[in-house]
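**Student:** The structure is given below, and queries will be raised subsequently.
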Amino acid sequence: MRRLLEAILGPLRRNKFISQVLTLVTGTAVAQVIGIALSIPLARLYTPNDFGHFAIFCSITALAATIASLRYDLAIVLPKSDTVAKQIQRLARRCIVFISIITSLLCIASAGWIGKTYHSQPLTICLFFSGISVYEIAELANLQYWLTRKTNYQLIAINRVIQTTGVAMLQLGFFFIFPSVVGLFLGTITGQAFALFILLWKSREELRFNPSEEVPPMRTLAIRYRKMPLLNGPNALVEGVRNNGMSLIVGLAGAGILGQFTKAQGILQVPMGFITASITQVFYQRLSTAKPGEMTPLVRTVSKKLILFAIPIFALVFLLAPWLFVFLFGPQWDQAGYYARALTPWILVTVVTSPVSNIYLATETQGRMLVFSIVYCTIPLLILAFSPLPMLQTVTIMSLTMAAMLLFMLGMAFDVAKKFDRGMLKTKPAT
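When the count follows the numbering used here, it moves up by one through the sequence shown with no breaks and lands on 591 for the last residue.
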């Protein structure tokens, strides 16, 4: 048996790219399994209303966290020099601190109005601490890009498991003290803080400057990589508005409906996250170092493998979701399975296109993506806001529309790859 496993896994381990993907996939898989297991008691303790109100909080903080680094964290993997990369990481951290403070002030000022709009006094209390969550989310991503640069995928994988387990266990514990959205909130920021502390501690030596290093001024690097905030920043903001705006609009129909919707989204994120999160992290690093002639084959290979891997998984989700949600989470989640079925086409195509979309970052052609991102953001929000149909039918129409748009974006990505391979793109080399 041992020889058989070695015969199967040996060639994979010797392939650096596949080995790195397997490392992250293993960590992601363990984290997802733990997350699913612990989500069952959480769903039976907290109500759909609790999860709906928590989704409002997460939507607000996630939107701020999306742009907190001004996207400078994405530039960490690009320079040839570690000294430059460390200074970019510090630049991103300063941006994160600033945006976190601004978010806190804005949420404190509007907490009363938001709580009244969504009929939740506990939500009002949570919003006073929104800046903490923004900082944790954004700084975790900032550090993970540094670890990606150093190809320390094992630490990324371990940290994902720690974060997922810690957050869920703490949410379970806090339920018996605060059986409302407050328990979900406290478990989240405490678990994220623990995961962040581990990454800060493990990477402290690598990120420290030596006296002999010639550190470039932050201003110089901010200008050199200005495309990140100026071009990718708007893309990220538009995507954040889409992702989180949907929850804010659905929440106006009722916290319970939003709870069902976000539960479906959350469970579908498991197969999507399992497939894409690990591959995206490694694939972006490969894209950023690809030479002309290598980009199109790389994009084509990854797309084909993702299609073959994803279709059977999401076919099962489509067939079993209505029964499975009630079986796992209880009768109070009877609508979540139907929302999951409605969202399946969109999530399936997202799995295929998500890693490939990083080609615009690697080739510094973010401007090509901006117009598409604006349309891609606007369409689902308009459908949700103005559809006269019941929410479930509205979500089905939205899902099919978004899947078609993502296929169009995939065609755009192949066009960029071909132009890069032919030397038709004017991009600066990593420095």
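Idealized CB from N, CA, C, for every residue including glycine.
Please report the straight-line C-alpha distance between Arg379 and Tyr385, rounded to a whole angstrom.
**Tutor:** Distance between the alpha carbons of Arg379 and Tyr385 is about 10 Å.
**Student:** Quick one: grab the DSSP three-state call for Asp494.
**Tutor:** Of the three classes helix, strand and coil, the one that applies to Asp494 here is coil, per DSSP.
**Student:** For the alpha helix (DSSP H) that Val516 lies in, which residues bound it at each end?
**Tutor:** Note, Val516: premise wrong, no alpha helix (DSSP H); not H, not E.
**Student:** Out of Leu428, Leu359 and Ile194, which one is the CA nearest neighbour of Trp306?
**Tutor:** Of the candidates Leu428, Leu359 and Ile194, the one whose C-alpha sits nearest the C-alpha of Trp306 is Leu359.
**Student:** Helix, strand or coil for Asn319, going by three-state DSSP, please let me know.
**Tutor:** helix
**Student:** Between the beta-carbon of Val375 and the beta-carbon of Thr243, is there less than 9 Å?
**Tutor:** yes
**Student:** Assuming the contact rule is C-beta atoms closer than 8 Å, Leu507 and Leu560 should be a hit. Round their C-beta distance to whole Å, please.
**Tutor:** As written in the sequence, residue 507 is Ile, which differs from the Leu given in the question. The pair is not a contact, with the Cβ atoms about 12 Å apart (cut-off 8 Å).
**Student:** Using CA atoms only, rank isn't needed, just tell me which of Leu205, Ile196 and Ala191 is closest to Gln492.
**Tutor:** Leu205
**Student:** Quick check: does the Cβ of Asn404 come within less than 8 Å of any heavy atom belonging to the ligand ZN?
**Tutor:** The ligand ZN is absent from the structure shown, which contains no ligand whatsoever.
**Student:** When the Cβ atoms of the stretch 492-503 are set against those of the stretch 545-560, are three or more pairs found closer than 8 Å?
**Tutor:** yes
**Student:** Touch check for the stretch 408-424 and the stretch 224-236: three-plus C-beta pairs under 8 Å?
**Tutor:** no
**Student:** How is Tyr584 classed by DSSP in three states: helix, strand or coil?
**Tutor:** Per the sequence presented here, residue 584 reads as Met, with Tyr not at that position. Looking at Met584 - three-state DSSP - the assignment turns out to be coil, as it is neither helix nor strand.
**Student:** Please say whether Gly347 and Val327 have beta carbons closer to each other than 9 Å?
**Tutor:** yes
**Student:** Please state whether DSSP places Ala413 in a helix, a strand or coil.
**Tutor:** coil
**Student:** Once you ignore the five residues that flank Pro457 on each side, which residues in its own chain have a CB closer than 8 Å to its CB?
**Tutor:** none
**Student:** Near Leu408, what residues of its chain come up, given a Cβ to Cβ distance below 6 Å and the 5 sequence neighbours on each side ignored?
**Tutor:** In chain order, Ser219 place their CB closer than 6 Å to the CB of Leu408, counting only its own chain and leaving out the 5 sequence neighbours on each side.
**Student:** Mark Ala564 as exposed unless 16 or more other C-beta atoms lie within 10 angstroms of its C-beta, in which case mark it buried.
**Tutor:** Exposed is the call here.
**Student:** How would you label Phe489, buried or exposed, when you count the other beta carbons within 10 angstroms and need 16 or more for buried?
**Tutor:** buried
**Student:** Tell me whether Phe258 sits in a helix, a strand or coil according to DSSP, three-state version.
**Tutor:** helix
**Student:** Give every residue of the same chain whose Cβ lies closer than 7 Å to the Cβ of Leu544, excluding the five residues on either side of it in the sequence, and list them in chain order.
**Tutor:** Met406, Ile409, Val410, Thr554 and Met558
**Student:** Does the Cβ of Asp575 have 16 or more other Cβ atoms within 10 Å, making it buried, or fewer, making it exposed?
**Tutor:** Asp575 should be labelled exposed.
**Student:** Suppose contacts are defined by Cβ-Cβ distances below 9 Å. Is Phe485 in contact with Ala496 by that definition?
**Tutor:** yes
**Student:** Consult DSSP for Glu524 and reduce its assignment to one of helix, strand or coil.
**Tutor:** coil
**Student:** Give the DSSP-derived three-state secondary structure of Val341 in the structure shown.
**Tutor:** helix
**Student:** Just list the alpha helix (DSSP H) runs in the stretch 210-291, keeping only unbroken ones of 4 residues or longer that don't cross its boundaries, in chain order.
**Tutor:** 242-277 and 281-287
**Student:** Please report the straight-line C-alpha distance between Met584 and Pro452, rounded to a whole angstrom.
**Tutor:** So the two alpha carbons sit approximately 10 Å from each other.
**Student:** Looking at the structure shown, is Phe369 part of a helix, part of a strand, or coil, going by DSSP?
**Tutor:** Coil, per DSSP.
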